[in-house]
Amino acid sequence: MDQIVLYKGFRIRAYEEWSGLWLAKTKKPVGRRPGAGDHDDTDAEYIATPSGHPTPEAAIDFIKQMIDSPSTTR
235 MDQIVLYKGF RIRAYEEWSG LWLAKTKKPV GRRPGAGDHD DTDAEYIATP
285 SGHPTPEAAI DFIKQMIDSP STTR
């Protein structure tokens, strides 16, 4: 079952892949472009785990580290 965690304005989603390992992903919050629709997020940047983790917590912790990285939040 998926797990959702909110962290510093990010909504992180952890999910189990077919192998039994866990992946996680989130979107960088971006300001809406003028004139864009409510669900138009084509300019969103995704942050995702590059490989599986043994638990959903480990996958979520990896994403939190990526969010906290200075290069990610610029």
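Counting in the working numbering, the sequence shown runs from 235 upward without gaps.
Ideal placement from N, C-alpha and C gives every residue a C-beta, glycine not left out.
- Of the other Cβ atoms in all chains shown, 16 or more fall within 10 Å of the Cβ of threonine 283; this residue is therefore buried.
- Put simply, the backbone Cα of glutamate 250 is about 17 Å away from that of isoleucine 281.
- DSSP, reduced to helix, strand and coil, places lysine 298 within a helical segment of the structure shown.
- Taking C-beta separations shorter than 8 Å and ignoring five residues to either side along the sequence, the partners of alanine 293 in its chain run Ala248, Trp256, Leu257, Ala258, Thr283, Gly286, His287, following chain order.
- Around the beta carbon of proline 290, a 10 Å sphere encloses 16 or more other beta carbons of the protein chains shown; the residue is thus reported as buried.
- Collapsing the DSSP output to three states places glutamate 250 in a strand.
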